[in-house]
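So the sequence lines, in the order shown, correspond to chains A and B.
First residue of the first sequence: 1, per my numbering; consecutive thereafter.
First residue of the second sequence: 1001, per my numbering; consecutive thereafter.
In what follows, a single structure is set out as structure tokens and then discussed.
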Amino acid sequence: MLNLSSYPYTTNETFLDYEFESSGPRGVIKKVANFSKVGPAIFNFGFGDLDEKTGKINDTITSNNGDDEKILATLASIINEFTTMHPNFTILIQGSTSSRTRRYQMGIGKYWDKISIAFDVFGLVNDKWKPFVIGQNYTAFFGKRKTSNPDKVQ
Amino acid sequence: MATKNRNNTLSTVKGIKGKVTVNKNMPQYDQHPFFVKKAEDAKDLLSKVGLPKQLSGKISL
């Protein structure tokens, strides 16, 4: 998606679960993502670091592996893939921290010219959903592939 | 859409730049406490703020 450098990832036959590995100065860190059904056609997108020794998943730590852009591109690719398979599903995304939410916001904003062609995106501000606008701060995001343009983001 | 390999556990999905591998043995995480909590938080949020007006006629909670 968006021709960005991203990590290869693995999914299972449900296409709801995803794994990939971040690789950088702090070693290899396993990342997991999941689409959880929270409504008839609404899925919450969650993502975190998997500690394979304990089985715990953490989305509040900053791994500092020098690959934030590549991780964001991988998450974007996963969302793009999922919504291509299920164009009528809507995706809810909440950052675990304000800084992570802001990171998502900046990522959407950076590639908004391409994302906006394929997706309707809304941001939550003061408990109200508003159409996404670059530069506005949001606390959550809601996205749905445009039915008039269901193709993947190029 | 997927091409299964010899051991029938890994498949490569075509048409997406070779980035996706389907592994039927990969765990499902939807019942992991982390994602269960995230889903509950999401439901709480949606029950509080609802859906975007522009989509409320197209989808439902």
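Glycine included, each C-beta is placed from N, C-alpha and C at the ideal position.
- Y138(A) is the residue among I134(A), F119(A) and Y138(A) whose C-alpha sits nearest the C-alpha of K128(A).
- When beta bridges are read from the DSSP output, I93(A) appears opposite F45(A) and F141(A).
- In the three-state reduction of the DSSP assignment, S77(A) falls in the helix class, which pools H, G and I.
- Using a CB distance below 7 Å, the part of the segment 38 to 69 of chain A facing chain B consists of V38, G39, P40, A41, I42, N44, G46, G48 and I57, ordered along the chain.
- Taking a C-beta distance under 9 Å as the contact criterion, I91(A) and K31(A) do not qualify as a contact pair.
- F132(A) carries a coil assignment under DSSP once its states are collapsed to helix, strand and coil.
- Only residues of its own chain outside the window of five on either side were considered, and among them K30, V32 and I57 have a CB closer than 6 Å to the CB of L50(A), listed in chain order.
- When the five nearest sequence neighbours on each side are left out, the beta carbons in the same chain lying within less than 8 Å of the beta carbon of F1035(B) are those of Y1029, in order along the chain.
- Distance check between N126(A) and each of L1055(B), Q1054(B), S1056(B) and V1049(B) places V1049(B) closest, using alpha-carbon atoms only.
- With fewer than 16 other Cβ atoms from the protein chains shown falling within 10 Å of its own Cβ, M106(A) counts as exposed.
- One thing to note: L1046(B) has its Cβ within 9 Å of the Cβ of I42(A).
- Residue nearest to P1027(B) within the set E19(A), S23(A) and G24(A) is E19(A) (criterion: CA-CA distance).
- Taking 9 Å as the threshold, the shortest C-beta distance from Q136(A) to chain B does not fall below it.
- Under the three-state reduction of DSSP output, G66(A) falls in the coil class, being neither helix nor strand.
- In terms of CA proximity to R102(A), L124(A) leads the group L124(A), D120(A), P87(A) and N88(A).
- For D113(A), the uninterrupted alpha helix (DSSP H) run begins and ends at W112 to A118, by DSSP.
- I134(A) counts as exposed, since fewer than 16 other beta carbons sit within 10 angstroms of its beta carbon.
- Residue burial annotation: Q136(A) is exposed, with fewer than 16 other C-beta atoms found within 10 angstroms of its C-beta.
- A residue is called buried once 16 or more other Cβ atoms fall within 10 Å of its Cβ, and N88(A), having fewer, is exposed.
- Taking 9 Å as the threshold, the shortest C-beta distance from Y7(A) to chain B falls below it.
- For K37(A), the closest alpha carbon among the candidates R100(A), H86(A), I115(A) and G48(A) is that of H86(A).
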